[in-house]
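Novice: Just so you know, we're using my numbering here: the sequence shown kicks off at 884 and counts up by one. Just so it is clear, CB atoms sit at the ideal spot from N, CA and C, and this is done for glycine as well.
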Amino acid sequence: YRSMDGGQHWSTISLPSAMASGELPGAIQTGAVGELYLTVYSLSALQNAGYQYSLFHSTDEGTHWTEIGMPRSYVYQAFKVLASGMLVAQFQGKVVSSVDHGLTWNIVSTGSSDTVSSIWVGPNDGLYAQVFSGNILRSLDQGATWTRMGSGLPSSRSKGDNTYIHSMAFLNNSGIVAG
């Protein structure tokens, strides 16, 4: 659905015609003015083998869609659009980025051999990645360099404990809430 008046009135927008039977719309992200990105997931993949996503791009506020990015057979999650226009996603345990609207993707080295489980975008395009050990990594230069976040966060997690960070919110330029 789309509203052009702050939510007072809503109209239906078309879903990508390339969506296959059994696929459902997932997360939507905004890019530049008029630009939208939509993840689409396969219900059968969710039931059988985990997540399988497709990625679509619109330059006209959702009227027309083009499938972009990684092939449907790949698994990717946590898709984000930075204010700079760079796209980032968690893909097969790594952070990947695109600077050409998702046409090509590059692996972003976090400097850790650990598997990336989630990513978030903070103020000023700061990137935050959680790795399976429980550590949170931060990049303030669009993924060029990464540092482990400071004291107070768990340094590792064991099976069954409750130290995994599921969500992160940014209060201002330095405040972060995680849980």
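Counting along the chain, where does the beta strand (DSSP E) carrying N1018 start and finish?
Specialist: Neither: N1018 is in no beta strand (DSSP E) and is coded neither H nor E.
Novice: Taking its Cβ as the centre, do 16 or more other Cβ atoms sit within 10 Å of M887, making it buried, or is it exposed?
Specialist: That one is exposed.
Novice: Assign N1007 to one of three DSSP states: helix, strand, or coil.
Specialist: DSSP places N1007 in helix when its eight states are reduced to three.
Novice: For V999, does the count of other Cβ atoms within 10 angstroms reach 16, so buried, or fall short, so exposed?
Specialist: Buried, because 16 or more other Cβ atoms sit within 10 Å of the Cβ of V999.
Novice: H940: buried (16+ other C-beta within 10 angstroms of its C-beta) or exposed?
Specialist: It is buried - the Cβ of H940 has at least 16 other Cβ atoms within 10 Å.
Novice: State buried or exposed for I1019, treating a residue as buried only when at least 16 other CB atoms are found within 10 Å of its CB.
Specialist: Label assigned to I1019: buried.
Novice: Taking all protein chains shown into account, do 16 or more other C-beta atoms lie within 10 angstroms of the C-beta of A1012, making it buried, or fewer, making it exposed?
Specialist: Result: buried.
Novice: Pick out whichever of I896, S1057, F962, K977 has its Cα sitting closest to the Cα of W948.
Specialist: It is I896 whose Cα lies nearest to the Cα of W948.
Novice: With D943 and G917 assumed to form a contact (beta carbons below 8 Å), what rounded beta-carbon distance in angstroms separates them?
Specialist: Right, their Cβ atoms sit about 6 Å apart.
Novice: Determine the direct distance from the alpha carbon of D983 to that of V1014, and round the result to whole angstroms.
Specialist: Cα to Cα, V1014 sits roughly 26 Å from D983.
Novice: Tell me the residue span of the beta strand (DSSP E) that contains P1074.
Specialist: The question about residue 1074 has no answer here: the residues shown for the chain are numbered 884 through 1062.
Novice: Spatial neighbours of N989 within its chain, please: C-beta separation below 7 Å, excluding the five flanking residues on both sides.
Specialist: Cβ neighbours of N989 beyond the five flanking positions: V979, S980.
Novice: Around the Cβ of T1028, are there at least 16 other Cβ atoms within 10 angstroms (buried) or fewer (exposed)?
Specialist: With fewer than 16 Cβ atoms within 10 Å of its Cβ, T1028 is classed as exposed.
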